[in-house]
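Per my numbering, the sequence shown starts with residue -4, numbered consecutively.
Where a beta carbon is used, it is the ideal one built from N, C-alpha and C, also for glycine.
Computed from a predicted structure; not experimentally measured.
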Amino acid sequence: MPGPVFLEADAVTLRPVEAADVEFVQRCMNDPRVWRPALDATPMNREQGTEFFEDVLSDEDHVHCLIWDDDAPVGVVSLTGTEYGPGATDRSRAAEIGYYVAPEHHGNGYGSDAVAELVRYAFEDLNLRRASARVGAFNDASIGLLESLGFEREGRLREAAWFRGEYRDMLWYGLLRADWRAE
(Lines of atoms letter the chains of each structure in order from A and count residues from 1; the text may use other names and numbers.)
(Lines give C-alpha, C1' and ligand atoms only; values in the text may rest on other atoms or scores of the structure.)
Protein backbone atom coordinates (compact mmCIF):
# COMPACT_ATOMS: atom_id res chain seq x y z
CA MET A 1 0.00 0.00 0.00
CA PRO A 2 1.52 3.34 -1.00
CA GLY A 3 1.91 6.24 1.40
CA PRO A 4 -0.05 9.48 1.04
CA VAL A 5 0.46 11.68 -2.00
CA PHE A 6 2.87 14.53 -1.27
CA LEU A 7 3.11 16.07 -4.75
CA GLU A 8 1.22 15.41 -7.96
CA ALA A 9 2.99 15.71 -11.29
CA ASP A 10 1.54 15.12 -14.75
CA ALA A 11 2.34 11.40 -15.06
CA VAL A 12 3.40 10.41 -11.53
CA THR A 13 2.79 11.19 -7.90
CA LEU A 14 5.51 11.73 -5.33
CA ARG A 15 4.96 10.02 -2.00
CA PRO A 16 7.00 9.75 1.18
CA VAL A 17 9.19 6.65 1.18
CA GLU A 18 7.81 4.15 3.69
CA ALA A 19 9.44 1.17 5.42
CA ALA A 20 7.35 -1.09 3.15
CA ASP A 21 9.24 0.39 0.15
CA VAL A 22 12.64 -0.88 1.30
CA GLU A 23 12.35 -3.99 -0.88
CA PHE A 24 11.79 -1.81 -3.98
CA VAL A 25 14.71 0.49 -3.07
CA GLN A 26 16.95 -2.51 -2.40
CA ARG A 27 15.99 -4.12 -5.73
CA CYS A 28 16.79 -0.91 -7.61
CA MET A 29 20.05 -0.30 -5.80
CA ASN A 30 21.23 -3.84 -6.58
CA ASP A 31 20.47 -3.54 -10.31
CA PRO A 32 23.66 -2.66 -12.24
CA ARG A 33 21.62 -0.42 -14.56
CA VAL A 34 20.98 1.77 -11.48
CA TRP A 35 24.07 1.40 -9.29
CA ARG A 36 26.64 1.78 -12.06
CA PRO A 37 25.41 5.21 -13.26
CA ALA A 38 24.82 6.20 -9.62
CA LEU A 39 28.43 5.19 -8.90
CA ASP A 40 27.34 3.17 -5.86
CA ALA A 41 29.26 -0.06 -6.38
CA THR A 42 28.35 -1.97 -3.23
CA PRO A 43 25.48 -4.43 -2.83
CA MET A 44 22.62 -3.67 -0.46
CA ASN A 45 21.16 -6.46 1.66
CA ARG A 46 17.86 -6.20 3.56
CA GLU A 47 19.50 -4.98 6.77
CA GLN A 48 21.45 -2.31 4.87
CA GLY A 49 18.28 -1.33 3.02
CA THR A 50 16.46 -0.86 6.32
CA GLU A 51 19.39 1.14 7.69
CA PHE A 52 19.45 3.27 4.52
CA PHE A 53 15.73 3.92 4.95
CA GLU A 54 16.16 4.91 8.60
CA ASP A 55 19.35 6.98 8.21
CA VAL A 56 18.90 8.57 4.80
CA LEU A 57 15.39 8.28 3.40
CA SER A 58 13.79 9.22 6.75
CA ASP A 59 16.10 12.20 7.35
CA GLU A 60 13.96 15.22 8.25
CA ASP A 61 16.45 17.70 6.78
CA HIS A 62 16.01 16.47 3.21
CA VAL A 63 13.18 15.51 0.88
CA HIS A 64 13.07 11.93 -0.41
CA CYS A 65 10.04 10.81 -2.40
CA LEU A 66 8.99 7.61 -4.04
CA ILE A 67 8.03 8.16 -7.68
CA TRP A 68 4.71 6.36 -8.10
CA ASP A 69 2.87 5.49 -11.29
CA ASP A 70 -0.77 4.35 -11.19
CA ASP A 71 -0.20 1.19 -9.16
CA ALA A 72 3.53 0.73 -8.62
CA PRO A 73 6.69 2.48 -7.48
CA VAL A 74 8.98 3.44 -10.36
CA GLY A 75 11.85 5.31 -8.69
CA VAL A 76 13.08 7.76 -6.07
CA VAL A 77 13.73 11.50 -6.30
CA SER A 78 15.50 13.53 -3.62
CA LEU A 79 16.30 17.10 -2.69
CA THR A 80 19.30 17.40 -0.36
CA GLY A 81 21.66 20.05 0.93
CA THR A 82 24.80 20.87 -0.99
CA GLU A 83 28.36 21.08 0.23
CA TYR A 84 27.76 24.82 0.74
CA GLY A 85 25.49 24.32 3.71
CA PRO A 86 23.82 21.82 6.03
CA GLY A 87 20.55 21.64 4.15
CA ALA A 88 17.96 23.35 2.01
CA THR A 89 17.66 26.20 4.52
CA ASP A 90 21.27 27.38 4.37
CA ARG A 91 22.13 30.94 3.32
CA SER A 92 22.77 30.00 -0.30
CA ARG A 93 19.13 28.80 -0.65
CA ALA A 94 20.39 25.89 -2.77
CA ALA A 95 19.85 22.15 -2.84
CA GLU A 96 20.92 19.21 -4.94
CA ILE A 97 18.53 16.97 -6.85
CA GLY A 98 19.15 13.25 -7.13
CA TYR A 99 17.01 10.56 -8.73
CA TYR A 100 16.83 7.09 -10.17
CA VAL A 101 14.16 5.15 -12.01
CA ALA A 102 13.85 1.38 -12.00
CA PRO A 103 15.23 0.03 -15.30
CA GLU A 104 11.93 -1.49 -16.40
CA HIS A 105 10.49 2.06 -16.36
CA HIS A 106 13.32 3.82 -18.23
CA GLY A 107 12.23 5.84 -21.25
CA ASN A 108 8.69 6.59 -20.05
CA GLY A 109 9.31 10.17 -18.91
CA TYR A 110 8.77 9.35 -15.23
CA GLY A 111 12.14 10.76 -14.17
CA SER A 112 11.61 14.02 -16.06
CA ASP A 113 8.12 14.42 -14.65
CA ALA A 114 9.26 13.72 -11.08
CA VAL A 115 12.33 15.99 -11.25
CA ALA A 116 10.29 18.81 -12.82
CA GLU A 117 7.77 18.58 -9.98
CA LEU A 118 10.47 18.51 -7.30
CA VAL A 119 12.12 21.56 -8.89
CA ARG A 120 8.76 23.38 -8.84
CA TYR A 121 8.38 22.43 -5.17
CA ALA A 122 11.93 23.59 -4.40
CA PHE A 123 11.41 27.00 -5.96
CA GLU A 124 7.76 27.71 -5.15
CA ASP A 125 7.29 26.02 -1.78
CA LEU A 126 10.76 25.99 -0.21
CA ASN A 127 11.80 29.36 -1.68
CA LEU A 128 15.10 27.99 -2.91
CA ARG A 129 17.17 30.08 -5.29
CA ARG A 130 18.99 27.31 -7.14
CA ALA A 131 18.92 23.58 -7.74
CA SER A 132 21.93 21.56 -8.82
CA ALA A 133 22.69 18.03 -9.91
CA ARG A 134 25.82 15.96 -10.47
CA VAL A 135 25.96 13.43 -13.27
CA GLY A 136 28.59 11.25 -14.86
CA ALA A 137 29.66 12.50 -18.29
CA PHE A 138 28.85 8.98 -19.53
CA ASN A 139 25.18 9.17 -18.46
CA ASP A 140 23.51 10.52 -21.60
CA ALA A 141 19.97 9.84 -20.36
CA SER A 142 20.44 11.85 -17.18
CA ILE A 143 22.20 14.66 -19.03
CA GLY A 144 19.28 14.81 -21.46
CA LEU A 145 16.77 14.88 -18.61
CA LEU A 146 18.50 17.78 -16.88
CA GLU A 147 19.00 19.81 -20.04
CA SER A 148 15.37 19.27 -21.09
CA LEU A 149 14.32 20.91 -17.80
CA GLY A 150 16.54 23.95 -18.35
CA PHE A 151 19.52 22.94 -16.22
CA GLU A 152 22.80 24.34 -17.55
CA ARG A 153 26.14 22.63 -17.36
CA GLU A 154 28.19 24.71 -14.95
CA GLY A 155 31.32 22.66 -14.57
CA ARG A 156 33.32 19.53 -15.21
CA LEU A 157 35.29 17.62 -12.61
CA ARG A 158 37.89 15.81 -14.63
CA GLU A 159 38.36 12.10 -13.90
CA ALA A 160 36.36 12.43 -10.68
CA ALA A 161 34.52 9.10 -10.91
CA TRP A 162 35.51 5.49 -11.45
CA PHE A 163 33.08 3.93 -13.92
CA ARG A 164 33.39 0.55 -15.64
CA GLY A 165 37.16 0.29 -15.32
CA GLU A 166 38.28 3.83 -16.00
CA TYR A 167 38.21 7.31 -14.53
CA ARG A 168 35.47 9.46 -16.01
CA ASP A 169 34.45 13.09 -15.74
CA MET A 170 31.58 14.28 -13.55
CA LEU A 171 29.41 17.19 -14.67
CA TRP A 172 27.75 19.80 -12.47
CA TYR A 173 24.40 21.15 -13.62
CA GLY A 174 22.48 24.05 -12.14
CA LEU A 175 19.17 25.82 -12.51
CA LEU A 176 18.39 29.23 -11.03
CA ARG A 177 14.84 30.06 -10.00
CA ALA A 178 15.02 33.21 -12.16
CA ASP A 179 15.85 31.11 -15.23
CA TRP A 180 13.21 28.50 -14.37
CA ARG A 181 10.52 31.19 -14.18
CA ALA A 182 11.58 32.49 -17.58
CA GLU A 183 10.75 29.16 -19.25
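Sequence-distant partners of Y95 (beyond 5 residues in either direction) whose C-beta falls short of 7 Å from its own C-beta, in its chain, are C23, V29, A33, G70 and V71. L113 sits in a helix when the DSSP states are folded into three classes.
By the criterion of at least three beta-carbon pairs nearer than 8 Å, the region 111 to 119 is not in contact with the region 37 to 54. Taking 3 residues as the minimum length, the beta strand (DSSP E) runs contained wholly in the region 26 to 84 are 58 to 64 and 67 to 75, in order along the chain. When the beta-carbon positions are compared, C60 and L9 come within less than 7 Å of each other. Under the three-pair Cβ rule at 8 Å, the region 127 to 142 counts as touching the region 154 to 170.
Around the Cβ of E154, a 10 Å sphere holds fewer than 16 other Cβ atoms; the residue is exposed. When the five nearest sequence neighbours on each side are left out, the beta carbons in the same chain lying within less than 8 Å of the beta carbon of E3 are those of L9 and E112, in order along the chain. Straight-line measurement puts the Cα of Y162 at about 31 Å from the Cα of I62. Annotation: the continuous alpha helix (DSSP H) that includes V17 extends over V17 to M24. Here DSSP, grouped into helix, strand and coil, assigns A128 to strand. Counting every other CB atom within 10 Å of its CB across the protein chains shown gives P68 a total of 16 or more, marking it as buried. By the criterion of a C-beta distance shorter than 6 Å, L170 is surrounded in its chain by A126, G145 and F146, once the five residues flanking it on both sides are discounted.
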